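A short write-up of the structure that comes next.
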Amino acid sequence: MKILIMGAGAVGAYYGAQLQRSGEEVVFCARGDNLRVMREKGLEINSFKSDLKLGVKATGNPREFAPYDLVLFAVKSYDTESAARQLEGCLARDGVFMTIQNGVENEEVLCRFFPRGVVMGGNSRVGAELIAPGKVLHTALGEIEFGELDGRITPRAERIAEVFRRAGILGELTTDLQTIRWYKLMGNNSTNSVSALSHTTLGQMIEDPDGFNLVRTLMLETLAVGRAEGAKVSDDRVDAQLAMIRKSLNAAAIKTSTLQDLEKGKPLEYEAISGAVVRAARRHNMKVPATETVYTLLKLLEKTRKSGS
Numbered sequence: 001m002k003i004l005i006m007g008a009g010a011v012g013a014y015y016g017a018q019l020q021r022s023g024e025e026v027v028f029c030a031r032g033d034n035l036r037v038m039r040e041k042g043l044e045i046n047s048f049k050s051d052l053k054l055g056v057k058a059t060g061n062p063r064e065f066a067p068y069d070l071v072l073f074a075v076k077s078y079d080t081e082s083a084a085r086q087l088e089g090c091l092a093r094d095g096v097f098m099t100i101q102n103g104v105e106n107e108e109v110l111c112r113f114f115p116r117g118v119v120m121g122g123n124s125r126v127g128a129e130l131i132a133p134g135k136v137l138h139t140a141l142g143e144i145e146f147g148e149l150d151g152r153i154t155p156r157a158e159r160i161a162e163v164f165r166r167a168g169i170l171g172e173l174t175t176d177l178q179t180i181r182w183y184k185l186m187g188n189n190s191t192n193s194v195s196a197l198s199h200t201t202l203g204q205m206i207e208d209p210d211g212f213n214l215v216r217t218l219m220l221e222t223l224a225v226g227r228a229e230g231a232k233v234s235d236d237r238v239d240a241q242l243a244m245i246r247k248s249l250n251a252a253a254i255k256t257s258t259l260q261d262l263e264k265g266k267p268l269e270y271e272a273i274s275g276a277v278v279r280a281a282r283r284h285n286m287k288v289p290a291t292e293t294v295y296t297l298l299k300l301l302e303k304t305r306k307s308g309s
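Yeah, the sequence shown ends on 309 if you go by our numbering, and it's all consecutive.
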């Protein structure tokens, strides 16, 4: 299968490397120093499982090696539209676009640019950080859960699942994309938001009693909104998720993607995360005070960073 990684940052590069190692033809779309280093020296994955170094096919123009059987969207959500504009005419005849980005809105954004039938959704479940151009630190997990927008188990979905399985990155082929997306947003809206505002790792925020309570409150608010949106999410997942984080051997070292962006001076992905929860809550006239607060604080933080003050 010929696969384009649209956005070869930490997440995209990790999955692309595993897919290439398993025998797939992979193209990495990147920019800046990351693109330069991948072209010159290849890609290096330092993983808690096993390290990997490989030469890769990298480009700043996705049209250069088109067409593709699968395009994995791994750009930040605020770059989805600009990335989509670059990909017109880049799919093979039976190809598909799959978003593994944060949030629950990117599928619909892609459907504004491409026919709904060529769009799939998914979650990235991985702890990874781009610690230098062309170099990824892999700290936790490493799976993709995905599905068709209409919930069917189609032959193409099964083919992709088999490709992911061979690469060791298959989490789940789901018939209920909305539910798994809201479960992922539950984690993002809580841990990503709190980590960026408090400059803490996953373990640090969970071990602090007040941090733990805030994270838990944000999770519960997110699931309540998800249920209003039609997701089959249960509050039981909250304490199970928190317990899993506490048991993780690597939690103290795991930085959320939003904290990583903050430390590197990159734009924050708050609109796709806390913003998405707030917008959905307003559609249902629901109150989400904790989420409203972190959303406002993240907006102010981003405004201050942009102004340089």
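All C-beta atoms, glycine included, are put in the ideal place defined by N, C-alpha and C. If you're wondering where the values come from, they're calculated on a predicted model, not measured in any experiment.
Spatial neighbours of residue i in its chain, beta-carbon cut-off 8 Å, leaving aside the 5 residues before and after
i, result
"L185", "N102, G103, V104, T222, G226, I273, A276, V277"
"Q20", "V26, L54, V56"
"D94", "D69, R156"
"T304", "none"
"D79", "G7"
"C90", "L4, P62, R63, A66, P67, Y68, V71"
Member of the options whose CA lies at the smallest distance from the CA of residue i
i, options, result
"E162", "P289, N285, E145, L177", "E145"
"V194", "D236, L301, A243", "L301"
"A290", "V215, D150, D261", "V215"
"S154", "I131, G142, M286, G117", "Residue 154 is actually Thr in this sequence, not Ser. Ranking the options by Cα distance to T154, first place goes to G117."
"E24", "R159, D33, T293, I245", "R159"
"A243", "I206, A228, L259, P267", "I206"
"P267", "K49, K76, T59, N34", "K76"
"I100", "T191, E172, L262, I45", "E172"
"V233", "A224, K255, Q241", "A224"
"V126", "G142, P115, F114, C111", "G142"
"V119", "L177, K264, A140", "L177"
"A128", "R282, A8, K306, G265", "A8"
"S47", "L130, K306, R283, G187", "L130"
"M1", "E263, F164, L262", "F164"
"G230", "L110, F114, A30, R283", "R283"
"G308", "E292, G265, T296, N285", "G265"
"A74", "P115, A92, Q260, Y14", "Y14"
"N250", "F212, T174, K49", "K49"
"A240", "V37, G187, L43", "G187"
Three-state secondary structure assigned by DSSP to residue i
i, result
"L87", "coil"
"I3", "strand"
"Y270", "coil"
"G275", "helix"
"V26", "strand"
"D261", "helix"
"E105", "coil"
"R152", "coil"
"M286", "coil"
"T222", "helix"
"G203", "helix"
"V233", "coil"
"T256", "coil"
"V75", "coil"
"D94", "strand"
"D210", "helix"
Same chain, Cβ closer than 7 Å to residue i, five either side skipped, listed in chain order
i, result
"Q18", "A167, G168, I169"
"K41", "G134"
"L220", "D235, V238"
"D51", "I45"
"E107", "T99, V119, G121, L149"
"D33", "P133"
"V288", "E221, V225, V277, V278, A281"
Cβ shell of residue i (< 6 Å), same chain only, five flanking positions each side left out
i, result
"V71", "L4, M6, F97"
"Q86", "P62"
"T217", "A290"
"N192", "T256, T258, I273"
"Y270", "L298"
"F113", "A84"
"V109", "T80"
"S190", "V215, L218, M219"
Neighbour flag for residue i against chain D, beta carbons, 9 Å
i, result
"R227", "This model lacks chain D altogether, as it is built from one protein chain only."
Beta-carbon separation (whole angstroms), residue i vs residue j, contact threshold 8 Å
i, j, result
"L35", "G12", "L35 to G12, Cβ: 12 Å. No contact."
"T139", "I254", "5 Å"
"V294", "L197", "6 Å"
"A252", "T201", "6 Å"
"N123", "R39", "Incorrect: roughly 30 Å between the Cβ atoms, too far for contact."
Please go through the region 13-67 and give each complete alpha helix (DSSP H) segment of 4 or more residues, from N-terminal end onward.
32-41
Length-filtered (4 minimum) alpha helix (DSSP H) runs lying within the region 162-199
177-187, 193-198
What beta strand (DSSP E) runs, 3 residues minimum, are completely inside the region 105-149?
119-132, 135-148
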